Amino acid sequence: MRRILLVSAAALLVLAGCGDSDSGGGKASGDLDSISVNGAAKPKVSVGEGFSVAKTVSKVLKNGDGDKVVAGDAVKVNYVAVNGRTGKQFDSSFSTGTPFTVDLTEGSILPGFIKGLEGRTLGSRVLVAISPEDGFGQAQKQMDIKKDDTLVFMFDLVSKVPTEASGTAVPLPKDLPKITYDADGHPSGFKKTSTTKAKQTEPSAHVVVQGDGPAIAKGQSVRFEYVGQVYPAGTTFDESWSKTQPFVPPIGTGKLIPCWDQLIPGQKIGSRVVLVCPSKVAYGDEPNDPNRSPDIKAGDTLIFAIDLLDAS
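Take the sequence shown: its letters are residues -16 to -1, 1 to 296, numbered as in mature numbering (1 follows the signal peptide of the UniProt record, and there is no 0).
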């Protein structure tokens, strides 16, 4: 089963696949000291044409006093991106005013991002020159990037994305099964109680932890942690907590089962939400649906506990 995501999508920056410089084990042919950064609201990064490095290098332009960034973190950053070959800017989050979330997990983002940002502290401004080996790995014609180009990024490290929901606890309706938790306190499934309703025929959403973040809008890519089970106390057919790769699909665009697309928009970031999804808004009644897990039968109602961690 393709989990809850029916069609995969990825941002281009995600994989196609203290004043001191850190070469990550190799000597660079480009000098980060030759690069200047000016401006605050919309910084300009000036890179001379023909700038290149053989190994990814980074330099802290301003030290922040926040938490250290470590492997596996999801970090919200603002950035400016410049092609070292041309000296031209090809991307910037400052133009939109919306930070970009970088997952410092191998296989989730450009390797150069991990090498350049791991070990830095929140609040820092970091300059990173990414070698071709640690960049896209292939040409990106729409941005005039060749496979051997060095990419120069200036990052402002804004904040970490939480790893679980936090906020005000809200009780589940008594006719729903009770959430169970693993040793780490993460939802692991559902347990039927004496008041659990045997069948649910309509989709419904129930907040069990009320977050205080912004409401999710259709079209946003949302970072989830979740567990899914056949209602009311059947097989747990999927979960994300044990996986290293983040699950960040677009919402409300037809890439997810209808239940998620319909009920998640409008929920607030930071919340934990229980979704009840009858088959008509899940995997349907057809016996041979290729998207359905072997643990899900035609006509099954599903129930999910979902942490809504980030949206962009």
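Just so it is clear, CB atoms sit at the ideal spot from N, CA and C, and this is done for glycine as well.
Quick caveat, the model's predicted, so the values are computed rather than measured.
Residue from the options with nearest C-alpha to residue i
| i | options | result |
| --- | --- | --- |
| Val54 | Gly100, Thr179, Glu223 | Gly100 |
| Lys162 | Pro27, Phe221, Phe35, Pro216 | Pro216 |
| Lys52 | Leu106, Gly96, Gly68, Ala25 | Leu106 |
| Thr76 | Pro146, Met127, Asp49, Asp118 | It is Ser, not Thr, that sits at residue 76 in the sequence shown. Looking at the Cα atoms, Met127 is the closest of the given residues. |
| Ser255 | Leu141, Trp244, Leu292, Ile241 | Leu292 |
| Ser224 | Val232, Val211, Gly218 | Val211 |
| Ser42 | Val64, Asp49, Ile114, Thr70 | Ile114 |
| Cys261 | Pro278, Pro274, Gly283 | Gly283 |
| Gly218 | Asp294, Ala182, Leu135 | Ala182 |
| Lys144 | Ile248, Ser277, Gly56 | Gly56 |
| Pro187 | Gly195, Leu160, Asp196 | Leu160 |
| Ala201 | Gly91, Ser277, Thr147, Trp244 | Trp244 |
| Phe139 | Phe74, Asn62, Val192, Pro27 | Asn62 |
| Ser92 | Phe288, Leu259, Gln229, Ile253 | Gln229 |
| Lys131 | Thr179, Ile19, Ser36 | Ser36 |
| Gly197 | Ser296, Val44, Ile287 | Ser296 |
| Glu102 | Lys46, Lys72, Val192, Val59 | Val59 |
| Phe288 | Phe221, Asp17, Ile129, Gly203 | Phe221 |
| Val191 | Val257, Pro249, Val206 | Val257 |
Per-residue burial, residue i [other beta carbons within 10 Å of its own, 16 or more giving buried]
| i | result |
| --- | --- |
| Tyr165 | exposed |
| Lys39 | buried |
| His80 | Per the sequence shown, residue 80 should be read as Thr rather than His. With fewer than 16 Cβ atoms within 10 Å of its Cβ, Thr80 is classed as exposed. |
| Asn67 | buried |
| Pro233 | buried |
| Pro274 | exposed |
| Thr85 | buried |
| Ser20 | exposed |
Three-state class that DSSP yields for residue i in the structure shown
| i | result |
| --- | --- |
| Pro242 | helix |
| Gly96 | helix |
| Pro116 | helix |
| Leu160 | coil |
| Pro278 | coil |
| Asp284 | coil |
| Leu106 | coil |
| Val41 | strand |
| Asp17 | helix |
| Lys202 | coil |
Residues that residue i bridges to, as DSSP identifies them
| i | result |
| --- | --- |
| Gln194 | Thr152 |
| Asp75 | Ala65 |
| Gln124 | Ile129 |
| Asn22 | Lys28 |
| Gln213 | Thr220, Ile287 |
| Thr85 | Lys60 |
| Lys252 | Ala199 |
Kindly confirm or deny that the segment 152 to 161 and the segment 103 to 123 touch, where touching means at least three C-beta pairs closer than 8 Å. no
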